[in-house]
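Protein chains: 2
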Amino acid sequence: MTEKAIGVAVLGLGNVGSEVARIIEESAPDLAARIGAPLELRGVAVRRVSDDRGLPVELLTDNVEELVSREDVDLVVEVMGPVEPARKAILTALEGGKSVVTANKALLAQSTGELAQAAERAHVDLYFEAAVAGAIPVIRPLTQSLAGDTVLRVAGIVNGTTNYILSEMSSTGADYSSALADASALGYAEADPTADVEGYDAAAKAAILASIAFHTRVTADDVYREGITKITPEDFDSAKALGCTIKLLSICERVTGSDGQQRVSARVYPALVPLSHPLANVNGAFNAVVVEAEAAGRLMFYGQGAGGAPTASAVMGDLVMAARNRVQGGRGPRESKYAQLPIAPMGIIQTRYYVSMTVTDRPGVLSSVAAEFAKRGVSIAEVRQESMADEGARIVVVTHRATDAALSETVAALADHDAVQEVNSVLRLEGTSE
Amino acid sequence: MTEKAIGVAVLGLGNVGSEVARIIEESAPDLAARIGAPLELRGVAVRRVSDDRGLPVELLTDNVEELVSREDVDLVVEVMGPVEPARKAILTALEGGKSVVTANKALLAQSTGELAQAAERAHVDLYFEAAVAGAIPVIRPLTQSLAGDTVLRVAGIVNGTTNYILSEMSSTGADYSSALADASALGYAEADPTADVEGYDAAAKAAILASIAFHTRVTADDVYREGITKITPEDFDSAKALGCTIKLLSICERVTGSDGQQRVSARVYPALVPLSHPLANVNGAFNAVVVEAEAAGRLMFYGQGAGGAPTASAVMGDLVMAARNRVQGGRGPRESKYAQLPIAPMGIIQTRYYVSMTVTDRPGVLSSVAAEFAKRGVSIAEVRQESMADEGARIVVVTHRATDAALSETVAALADHDAVQEVNSVLRLEGTSE
C-alpha cells in the first residue's frame, strides 16, 4: 500500500487511551485495509511524560495544544476528560482542519453546539459514539439509521455504576450503602461516587441523546435529575409486589403540550419498571437504550456501557470512519439542521407515581389519603395498606398517568396531612401503557 | 432553501414502497432540512400502471430500465424483489452513477460482490440496511461502528415467521402444523411458507451478515441450513426440562481449525437456547441480533424485523445518508478490502447436540447407547430416560461440545443400533459456554 499515512494524536493515556494506542499498533494491517491508508500514531498527550507508560517516550508530550496543532496530525482522539483542557484542545484541532473523535460526555453535554459548529466551519468530522453507552452503537443509529424516521422517545440505562448498585439491592436485599460499598470494592464506583449516584453522568448522556434524537440543543442543565441515594430495600419489596424492579432511567421524549406546542423532555430518575419490560432485565454494569420511532417501532440496543476495551471499540469505529473520509476526500454527514424545540418543564410531563408513606393506623385514613389524590385529579390505580409492628401503618399508592405538577402537589399535601407521619418514597413508574 | 432537488426513483410499490413514497411526501420539510436539499419522487416502477395506486398516475411506469436511466434520477430505491429484474435494474442504476438503496436480501445473498464492485467503479453508494432485520440497525453497526474492532461471532433471530411459529409452539404446546396455520391466518406466513420454514430466508440474511462481519464473500449457497418443520411439542418439553427454549438461529462465526487456518462458518438451524440467554426472550415476530467483538464484548440489537413501516424506516435512513453524500459531493465508506477467508465445512464446527430417541425398554440399552457417543469421542453432559405407555422408552442425550462430524457419525450409528427404534430429533444446543 503506497497511500499516505493518516496521522493520529491521542489525548489521554488512561484505560481507553492505552487500549486505543494498542489497537492502532496491533491491528495496523487490518485497519490500513479498511481505511485504504495506514494509521500512524504521531503523539500521545499525557499529564506527565515518563518512560513507564508502555509507549516509546518520544511519542509522549505534556503539551496538548502543540500536539493538536502539528501538521502531521490529521485526526485527534480525545479521551482525557474533563471539560477543560479538552474543550480548548478540540476547538484548536477542529479549527486546524483535523477531525476529532471524543468520548467526553461532560464536555458534549455542555458544548455540543459550539463543537459541531466548529466542525461544520472547518468541514471536518466530529464523532462521539463512545460518549454514550460505551461500545453500544447508539449515536450512529440515531443520527444515521433513523435519519429518515421520526424519533418519539429514547429511554435508557446508561450508567453502569448505578445499575450495578440497583441490581445488587434487587437481588440481595442489600441497602444502598452496602451495595455502594460493594460497587466500590469491585471498582464499579469511584472514590467520590457523586457524579454517578446523583445522576449527573446519566443526565449528561440524556442531554447528548436528546440533542441528536430531536435535533435540538439540550445541555446537562436542561435535564431534570434525581439520584438513587434514597432508594430503600422497602422500595424494592414494594416494586416486587407490583411486578416491577427499580432502574435509573435517562428518558428523552418528544411531548406535545396542551397548547399544541412540541417540546423536548429530558429527565433522569429512578423509576419502577415492569419486569416484562426489556430494560428490567438489564443487570449489573450493562447498559441498554430503547428507541421508539414512528416507522421503526421499538428498537433496543444492549451491551457493555463502560470499560477500557468496549469504549475503545467505539472510539476505533469512529476513528476508522473519520480516516476513511479523510482518504476519500469526503466527510461524514454534517450536523442536521436543528429543529430547536423548546425544553419541556417537568410539570407538564405525564408519568405514573408510586408513593409510599407511613400513616397513623386508625379508621378513615386510607380514605382521606385517597381524597388528596382525587382533589388534584390524580386517579389511583392501586393501593396497598400494611399494618406495621408499632402503632403506624404503611400505605403504598400507585397512580394512573397524571401531570408531574399535579402529582407533586399531591405529595406536598400528603406531607402536610395530619394522619401521614412520613412520606417515605416517591418514585415514578415507567414502561407501562396507562 | 434553494438547493437543487435530489431525484428519487422507487422500484416496487408494495408495503415498503408505498410507505417510502408516503414518508418522502409527508416528511418533505424534515427530510430536506436533514439532507440539505429537498428529495423529489421522480418515478415509481410498478408491474401494472393504473390510477388506483394512491400516487399520481404520471409518476408510475412499468419500464424499470427506462426509469433507472433517467437523467433526473439521482438515487434509486429498490424494494420490488425478486432477484431479477432487480439485479439488472440496480446494475444499470449504479453504472449510470446513481446511488442505490435496496432491501433485496435474496439478491444481496447471491450478488453482493458484483453489486459492490459496480458501486465502487461508479463511486456511488450501495446501502442495504433493510435487507437484514427490518428497522433494526445491524448493517451500519457492523460496517461502521465496529470498523475498528474484530467481530468474532454474529448470532441472530432474523426470520419473524419462524420465530412466531416457534414462540407459539413454546407457549401453547401446539404442534408445528397448527402453529403454522395460526401464523398464516394472522398474515405472518405466506401462502407458500417454504422460504421461511426451511430456513432459506434466514440463510440469505446469514450470508449477508457473514459477508460484512468478516469481510468475506459468502453467498446463500455457502450457508449450512436446516428448517423448523420437524420440531415437535416433545422437543419443546425436553427443552423446557433442560431450562431451554428452541429458536431458529442464523450464526456467523470466525473459526480457527486444527490446522490453524481461520475460516468463516455461516449456518442456520433450530437450536436449544438456555432461557437465560438474551435471544431466548425474543418472541413473536420480533428479531434480534447478538454481535460479539473482541473489544466491544457482546452487543445485542432488538426490534421489529419485518413489516412495511419498520422496513421503510431502514430504507429511509439509507436514503437520507446517500442523499447527504450526494449534496456534499462525498460518498459513504467504500467497500472494505475483503479478507476472503475460506468457508468452514460444517464438519469442523464444534457444537453441542440434543438427541432424542425411542428405544426398546430393556436392561443395558442406556449403556450401549452411551457407548456409541463415547466411541466417537463425544462426551455426554446429561441423559434422561423415560418409560413410555407402550413397550418403548425415550432417551434424551445432551452432549458436551464436539465436532459436527463426530456428532453426525454418532447419530448415524444410533439410527442403525438394534435397540434404537427411532432417532426422533437431533437439535444443536447454542448459547452455553461448555
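From first to last, the protein sequence lines are chains A and B. Just so you know, we're using full-length UniProt numbering here: the first sequence kicks off at 1 and counts up by one. Just so you know, we're using full-length UniProt numbering here: the second sequence kicks off at 1 and counts up by one. The beta-carbon is built from N, C-alpha and C at its ideal position, and this holds for glycine as well. Please read these numbers as outputs of a predicted model, since none were measured by experiment.
Under DSSP, the alpha helix (DSSP H) around residue i begins and ends at which residues?
{"i": "methionine 316 of chain B", "result": "308 to 328"}
{"i": "phenylalanine 214 of chain B", "result": "200 to 214"}
{"i": "valine 197 of chain A", "result": "194 to 197"}
{"i": "arginine 267 of chain B", "result": "It is not in any alpha helix (DSSP H) - arginine 267 of chain B instead sits in the beta strand (DSSP E) that spans 262 to 274."}
{"i": "arginine 298 of chain B", "result": "Not the alpha helix (DSSP H): arginine 298 of chain B falls in the beta strand (DSSP E), residues 297 to 304."}
{"i": "lysine 240 of chain B", "result": "233 to 241"}
Three-state secondary structure (DSSP) at residue i?
{"i": "alanine 402 of chain B", "result": "strand"}
{"i": "histidine 417 of chain A", "result": "coil"}
{"i": "asparagine 159 of chain B", "result": "coil"}
{"i": "valine 369 of chain B", "result": "helix"}
{"i": "valine 83 of chain B", "result": "helix"}
{"i": "glycine 347 of chain A", "result": "helix"}
{"i": "asparagine 63 of chain B", "result": "coil"}
{"i": "lysine 88 of chain A", "result": "helix"}
{"i": "methionine 1 of chain B", "result": "Because the pLDDT at methionine 1 of chain B is just 42, under 50, the model does not fix this residue reliably, and the value given afterwards should be weighed accordingly. If DSSP states are grouped into helix, strand and coil, methionine 1 of chain B belongs with coil."}
{"i": "isoleucine 136 of chain B", "result": "coil"}
{"i": "alanine 280 of chain B", "result": "helix"}
{"i": "glutamine 144 of chain B", "result": "helix"}
{"i": "valine 16 of chain B", "result": "helix"}
{"i": "lysine 105 of chain B", "result": "helix"}
{"i": "leucine 180 of chain B", "result": "helix"}
{"i": "cysteine 389 of chain A", "result": "At residue 389 of chain A the sequence reads alanine, which differs from the cysteine that was named. Of the three classes helix, strand and coil, the one that applies to alanine 389 of chain A here is coil, per DSSP."}
{"i": "valine 218 of chain B", "result": "coil"}
{"i": "leucine 39 of chain A", "result": "strand"}
{"i": "glutamate 226 of chain A", "result": "coil"}
{"i": "glycine 173 of chain A", "result": "coil"}
{"i": "threonine 256 of chain B", "result": "strand"}
{"i": "glutamate 430 of chain B", "result": "coil"}
{"i": "leucine 152 of chain A", "result": "strand"}
{"i": "glycine 113 of chain B", "result": "helix"}
{"i": "leucine 407 of chain B", "result": "helix"}
How should residue i be labelled, buried or exposed, when 16 other C-beta atoms within 10 angstroms of its C-beta is the threshold for buried?
{"i": "proline 278 of chain A", "result": "buried"}
{"i": "asparagine 63 of chain B", "result": "exposed"}
{"i": "serine 313 of chain A", "result": "buried"}
{"i": "glutamine 144 of chain B", "result": "buried"}
{"i": "valine 138 of chain B", "result": "buried"}
{"i": "glutamate 372 of chain A", "result": "buried"}
{"i": "alanine 374 of chain A", "result": "exposed"}
{"i": "histidine 123 of chain B", "result": "exposed"}
{"i": "lysine 205 of chain A", "result": "buried"}
{"i": "threonine 2 of chain B", "result": "Because the pLDDT of threonine 2 of chain B is 49, which lies under 50, any placement of that residue in the model is unreliable, and the number read from its coordinates should be weighed accordingly. Exposed, since its Cβ has fewer than 16 Cβ neighbours within 10 Å."}
{"i": "methionine 388 of chain B", "result": "exposed"}
{"i": "threonine 360 of chain A", "result": "exposed"}
{"i": "glutamate 65 of chain B", "result": "exposed"}
Using a Cβ cut-off of 7 Å (strictly closer), state whether residue i contacts chain B.
{"i": "aspartate 149 of chain A", "result": "yes"}
{"i": "proline 342 of chain A", "result": "no"}
{"i": "isoleucine 136 of chain A", "result": "yes"}
{"i": "glycine 17 of chain A", "result": "no"}
{"i": "alanine 130 of chain A", "result": "no"}
{"i": "proline 274 of chain A", "result": "no"}
{"i": "alanine 103 of chain A", "result": "no"}
Can you list the residues of chain A that residue i reaches, using a CB-CB cut of under 9 Å?
{"i": "phenylalanine 214 of chain B", "result": "Ordered by position in chain A, no residue passes the 9 Å Cβ test against phenylalanine 214 of chain B, which lies about 12 Å from the chain."}
Residues of chain A with CB closer than 7 Å to the CB of residue i, please, in chain order.
{"i": "glutamine 144 of chain B", "result": "Arg140, Gly317, Met321"}
So with CB distances below 8 Å, who are the chain A contacts of residue i?
{"i": "glycine 303 of chain B", "result": "Ala296, Gly297, Arg298, Leu299, Met300"}
{"i": "leucine 31 of chain B", "result": "Gly148"}
{"i": "alanine 5 of chain B", "result": "Correct list: empty, because the minimum Cβ distance to chain A is about 16 Å."}
Check the Cβ-Cβ distances between residue i and every residue of chain A, and say whether any is below 7 Å.
{"i": "alanine 9 of chain B", "result": "no"}
{"i": "leucine 39 of chain B", "result": "no"}
{"i": "alanine 118 of chain B", "result": "no"}
{"i": "alanine 21 of chain B", "result": "no"}
Return yes when the C-beta of residue i is under 6 Å from any heavy atom of the ligand ATP, and no when it is not.
{"i": "alanine 271 of chain A", "result": "Within the structure as shown, the ligand ATP is missing, as the structure has no ligands at all."}
For a contact defined as C-beta to C-beta under 7 Å, what are the partners of residue i on chain B?
{"i": "isoleucine 157 of chain A", "result": "Those do not exist, as isoleucine 157 of chain A stays about 13 Å from chain B at its closest Cβ, beyond 7 Å."}
{"i": "alanine 293 of chain A", "result": "Ser313"}
Where do the N-terminal and C-terminal ends of the beta strand (DSSP E) with residue i fall, by residue?
{"i": "arginine 34 of chain A", "result": "Unbroken run through arginine 34 of chain A is the alpha helix (DSSP H), 28 to 35; no beta strand (DSSP E)."}
{"i": "alanine 288 of chain B", "result": "286 to 293"}
{"i": "leucine 75 of chain B", "result": "75 to 78"}
Interface residues of chain B around residue i at Cβ under 8 Å?
{"i": "alanine 314 of chain A", "result": "Ser145, Ala296"}
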